[in-house]
Amino acid sequence: MFRVMLYTQWKWSRLIILLGTVAAFALPIISMQGAAHADRNPLEAQDLLRTVQSWGTLYPVLAAALGLFVAMAAWAPDHRGRHVHALTLPLPRWRYMLLRCASGAVLLAIPAAAVLAGALLATATATLPPGLQSYPFALATHFVLATAVAYGVFFAVSAATARTAGIILAAVGALIAVQVVAGVANVDFDIVSPLTMIVLGPAGPFAIFTGRWMLVDV
Amino acid sequence: MCKRAGLVLLLGAALARPLMSQATDVQRLRALVDSLSREWVRAGAIADLADSLERQRAFSGRDTIAVGALRIVTDPSPLPVRAAAERVWPVLDSLYGDAAALLAQHPYVIRAFDPDTNVPRSIVYVGLTVPWDMSVAALTRLLVANAPMPPPDQTFVSWFGGPLRPPTRAAQDRTDVYLDLVTAPSTPARACYLGGLRDCRVALGLQSGGDLLDLWYPTAAERRALVNRAFADYFNHGANVLPLHACAAGADTACEALLRRLPAGSLPGPLGAQARTTLVRVAMAMGGRDAYRRLVADPRAPMADRIASAANATLDDVMARWRQAILLSRPPSVALPWWAVSLALGWAAAFGVCALRSSRWRLG
Numbered sequence: 001m002f003r004v005m006l007y008t009q010w011k012w013s014r015l016i017i018l019l020g021t022v023a024a025f026a027l028p029i030i031s032m033q034g035a036a037h038a039d040r041n042p043l044e045a046q047d048l049l050r051t052v053q054s055w056g057t058l059y060p061v062l063a064a065a066l067g068l069f070v071a072m073a074a075w076a077p078d079h080r081g082r083h084v085h086a087l088t089l090p091l092p093r094w095r096y097m098l099l100r101c102a103s104g105a106v107l108l109a110i111p112a113a114a115v116l117a118g119a120l121l122a123t124a125t126a127t128l129p130p131g132l133q134s135y136p137f138a139l140a141t142h143f144v145l146a147t148a149v150a151y152g153v154f155f156a157v158s159a160a161t162a163r164t165a166g167i168i169l170a171a172v173g174a175l176i177a178v179q180v181v182a183g184v185a186n187v188d189f190d191i192v193s194p195l196t197m198i199v200l201g202p203a204g205p206f207a208i209f210t211g212r213w214m215l216v217d218v
Numbered sequence: 219m220c221k222r223a224g225l226v227l228l229l230g231a232a233l234a235r236p237l238m239s240q241a242t243d244v245q246r247l248r249a250l251v252d253s254l255s256r257e258w259v260r261a262g263a264i265a266d267l268a269d270s271l272e273r274q275r276a277f278s279g280r281d282t283i284a285v286g287a288l289r290i291v292t293d294p295s296p297l298p299v300r301a302a303a304e305r306v307w308p309v310l311d312s313l314y315g316d317a318a319a320l321l322a323q324h325p326y327v328i329r330a331f332d333p334d335t336n337v338p339r340s341i342v343y344v345g346l347t348v349p350w351d352m353s354v355a356a357l358t359r360l361l362v363a364n365a366p367m368p369p370p371d372q373t374f375v376s377w378f379g380g381p382l383r384p385p386t387r388a389a390q391d392r393t394d395v396y397l398d399l400v401t402a403p404s405t406p407a408r409a410c411y412l413g414g415l416r417d418c419r420v421a422l423g424l425q426s427g428g429d430l431l432d433l434w435y436p437t438a439a440e441r442r443a444l445v446n447r448a449f450a451d452y453f454n455h456g457a458n459v460l461p462l463h464a465c466a467a468g469a470d471t472a473c474e475a476l477l478r479r480l481p482a483g484s485l486p487g488p489l490g491a492q493a494r495t496t497l498v499r500v501a502m503a504m505g506g507r508d509a510y511r512r513l514v515a516d517p518r519a520p521m522a523d524r525i526a527s528a529a530n531a532t533l534d535d536v537m538a539r540w541r542q543a544i545l546l547s548r549p550p551s552v553a554l555p556w557w558a559v560s561l562a563l564g565w566a567a568a569f570g571v572c573a574l575r576s577s578r579w580r581l582g
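In order, the protein sequence lines correspond to chains A and B. As numbered in the working numbering, the first sequence has no gaps in its residue numbers, which increase by one up to the final residue, 218. As numbered in the working numbering, the second sequence has no gaps in its residue numbers, which increase by one up to the final residue, 582.
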């Protein structure tokens, strides 16, 4: 059953996975551009770190995008078919969900592995100045976890009814509207900042997207 | 003969007039300089008088709080001065050691004001003006940062970048210096990181003699990086524009010429003031209670000798200890800690459970 589910999900999301894999493989290599030259000046450590840091902002974006699109692709055909096919299967709902979720997770392992392969290749061919070290495994772990969280969130939203998704969206929209109105009325009321702190803070669900996404660091 | 004498007379007459006018100009300028000096002395005397009156005004009718050798002159208010002083004194005493006794002659003057009133305050030019609801911690930081120790000599100040103050973020300072050591585009800084104590000396500006530009930035790449990063705006004017472009294009002679045009003392060292601060702190820690007194004892001695004297050790010992402290302050690795990994997995699982429990197939 799982193989069938995996195959159908692969068919639905293969373009996303392929594009994501190419991007995930290329990103570490591009971020180390110039570091591979044998004649690189070892005194340009600061420039190298700056370049790696600039490109590093794209890893969480890629992780979030992959999580979003694979989760959406997992449920799009079911939504289109009004879940009739799923209801005809001799499966309890929780098992069906688990199979769908596991299939998406397996597919997401491909771009995650591509990040690791790209990072290992980039660091193996680079000449790093003394004092700098490469962190391919740490970067790949960071990417895997961020992709897992993004996939979990969007999978839960996609699996829910349109009503649930609407409630979530309306709640977020209401918060933003309240903040905007408070700003216009010149009321000293800030709800977005504390919420951002909760969501992106060290124990928050999206904390994994923050921090330093550095392939090379001191 | 007559002709020659006539010519001499004619020449003499022609030159006498400009020479006389030149002499008048010199006399006029000398008189101007003299009058300026007189004005300078008079202005100084008036400033001293104003200062003395201001100090008298600042000190009169106020309480003096004494903790150790610390003296704080303040007006009665709810400001927690004594509590802050009790925290500040051990900090200053541990830094300045026996020299902290000098603080008894240089009191803090603190004027507390009511933060909840719009009544205009009288302007004072002596001491610190703070709201009386300031917390003990904030007041402690303020007092530590403004310790009224007599300023050290100019040689020390210009090398160190100011007077010596107690550290408020010592660990972070060492971490910043570690980053400087690893990333500074300078051969001595890099060699210091790799273990060359002599290079550490050079990078910290403690070498004796030699051309600073050659010592600090010995290669063409370093000089080019320095011009392009630190002085691109400074040189991007007038006659310096062409050499600046030539330097950016890789002409080392242009880079060197530009850097040699900098005013004396403005060539930045490979390691900044933070590195020097951390070095002096290491020397002070090695030297014990009398370290500060030894550090400022001989303003004419080279800085390297003064630091060694403060530490009561050789400069190489101080350098080795400093380098060790800096290397131990390496910033934390980018690898995620175990708890962050667990937390992310936990959140992913929690969202997964939300999906499993969704109501898609429920009726109604």
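For each residue, glycine too, the CB sits at the ideal point set by N, CA and C. Remember, predicted model here, so these are calculated numbers, not experimental data.
At a CB-CB cut-off below 7 Å, which residues of chain B make contact with residue i?
{"i": "A:His142", "result": "Leu554"}
{"i": "A:Trp55", "result": "Per Cβ cutoff of 7 Å: no residues; A:Trp55 is ~14 Å from chain B at best."}
{"i": "A:Gln46", "result": "Thr401, Pro403"}
{"i": "A:Met97", "result": "Ala573, Leu574"}
{"i": "A:Trp94", "result": "Leu574"}
{"i": "A:Leu107", "result": "Chain B residues near A:Leu107: none, gap ~15 Å exceeds 7 Å."}
{"i": "A:Leu49", "result": "Thr401"}
Determine the chain A residues that contact residue i at a beta-carbon separation under 8 Å, and present them in chain order.
{"i": "B:Val559", "result": "Thr141, Leu145"}
{"i": "B:Gly570", "result": "Cys101, Gly152, Phe155, Ala156"}
{"i": "B:Ala613", "result": "Residue 613 of chain B is absent from the structure shown; chain B starts at 219 and stops at 582."}
{"i": "B:Leu422", "result": "Within 8 Å Cβ-Cβ: nothing; B:Leu422 doesn't reach chain A, min ~18 Å."}
{"i": "B:Tyr411", "result": "Pro130, Gly131"}
{"i": "B:Ala566", "result": "Leu145, Ala148, Val149, Tyr151, Gly152"}
Give me the Cα-Cα distance between residue i and residue j, rounded to the nearest whole angstrom.
{"i": "A:Ser269", "j": "A:Val52", "result": "As shown, chain A starts at 1 and ends at 218. That puts residue 269 of chain A outside it, with no answer to give."}
{"i": "B:Leu397", "j": "B:Asp429", "result": "26 Å"}
{"i": "B:Leu533", "j": "B:Cys418", "result": "11 Å"}
{"i": "A:Gln221", "j": "A:Leu128", "result": "The structure shown does not extend to residue 221 of chain A, since chain A is modelled only from 1 to 218, so the question has no answer here."}
{"i": "B:Val354", "j": "B:Ala303", "result": "9 Å"}
{"i": "B:Arg359", "j": "B:Ala475", "result": "45 Å"}
{"i": "B:Gly582", "j": "A:Trp12", "result": "Note on B:Gly582: pLDDT 36, under 50, position unreliable in the model; the coordinate value appears next. Near 30 Å, if we compare the C-alpha coordinates of A:Trp12 and B:Gly582."}
{"i": "B:Val259", "j": "B:Leu460", "result": "46 Å"}
{"i": "A:Pro28", "j": "A:Asp190", "result": "38 Å"}
{"i": "B:Ala160", "j": "A:Ala156", "result": "Missing from the structure shown is residue 160 of chain B; chain B here goes from 219 to 582 and no further."}
{"i": "B:Ala265", "j": "B:Arg246", "result": "28 Å"}
{"i": "B:Ala491", "j": "B:Asn364", "result": "18 Å"}
{"i": "B:Gly487", "j": "B:Asp523", "result": "19 Å"}
{"i": "A:Pro92", "j": "A:Tyr7", "result": "20 Å"}
{"i": "B:Arg512", "j": "B:Leu288", "result": "21 Å"}
{"i": "B:Thr401", "j": "B:Ala443", "result": "12 Å"}
{"i": "B:Ala529", "j": "B:Ala501", "result": "4 Å"}
{"i": "B:Tyr411", "j": "B:Arg541", "result": "8 Å"}
{"i": "B:Ser560", "j": "A:Leu66", "result": "21 Å"}
{"i": "B:Pro161", "j": "B:Pro385", "result": "This structure cannot settle anything about residue 161 of chain B, because the visible part of chain B is limited to 219 through 582."}
{"i": "B:Val498", "j": "B:Arg392", "result": "12 Å"}
Can you pull the chain A residues whose beta carbon is under 7 Å from the beta carbon of residue i, in chain order?
{"i": "B:Arg548", "result": "Val218"}
{"i": "B:Leu397", "result": "Val218"}
{"i": "B:Ala330", "result": "None at all; the shortest Cβ gap to chain A is about 27 Å."}
By Cβ distance, which residues of its chain are closer than 6 Å to residue i, with the 5 residues on each side in sequence left out?
{"i": "A:Pro136", "result": "Ala119, Leu120, Thr123"}
{"i": "A:Val149", "result": "Ile208"}
{"i": "B:Val285", "result": "Ala303, Glu304, Trp307"}
{"i": "A:Gly56", "result": "Trp213, Met214"}
{"i": "A:Gly152", "result": "none"}
Chain B partners of residue i, CB-CB under 8 Å?
{"i": "A:Met1", "result": "The contacting residues do not exist; A:Met1 stays about 17 Å from chain B at best."}
{"i": "A:Met214", "result": "Val552"}
To which residues does DSSP link residue i through a beta bridge?
{"i": "A:Ser134", "result": "A:Val216"}
{"i": "B:Phe331", "result": "B:Pro349"}
{"i": "B:Ala284", "result": "B:Arg289"}
{"i": "B:Tyr326", "result": "B:Ile290"}
Going along the chain, which residues of its own chain have a beta-carbon closer than 7 Å to the beta-carbon of residue i, five neighbours each way excluded?
{"i": "A:Leu200", "result": "Phe206, Ala207, Thr210"}
{"i": "A:Gln179", "result": "Ile191, Val192"}
{"i": "B:Met219", "result": "Any answer about B:Met219 is weak, because its pLDDT of 48 lies below 50 and its placement is not dependable; what the coordinates show is given next. Counting only Cβ-Cβ distances below 7 Å, and skipping sequence neighbours, we find nothing."}
{"i": "B:Arg280", "result": "Val291, Thr292, Asp293"}
{"i": "A:Ala159", "result": "Trp75, Met97"}
{"i": "B:Ile283", "result": "Ile290, Thr292, Val299, Arg300, Ala303"}
Can you find the residues in the same chain that come closer than 8 Å, C-beta to C-beta, to residue i, ignoring five residues on each side of it along the sequence?
{"i": "A:Leu107", "result": "Leu6, Gln9, Trp10, Ser13, Ile17, Val70"}
query: Hey, which unbroken runs of the beta strand (DSSP E) at 3 residues or more fall wholly within the stretch 447-489 of chain B?
result: Fully enclosed beta strand (DSSP E) runs of 3 or longer: not present.
message: Could you tell me which whole alpha helix (DSSP H) segments of length 4 or greater appear in the stretch 102-159 of chain A?
response: Fully enclosed alpha helix (DSSP H) runs of 4 or longer: 136-159.
field: Start-end ranges of the alpha helix (DSSP H) lying completely within the stretch 531-571 of chain B, minimum 4 residues
entry: With a minimum length of 4 residues, the continuous alpha helix (DSSP H) runs that stay inside the stretch 531-571 of chain B are 533-545.
query: Which runs of the alpha helix (DSSP H) fall wholly inside the stretch 72-99 of chain A and span at least 4 residues, in chain order?
result: 84-88, all fully within the stretch 72-99 of chain A.
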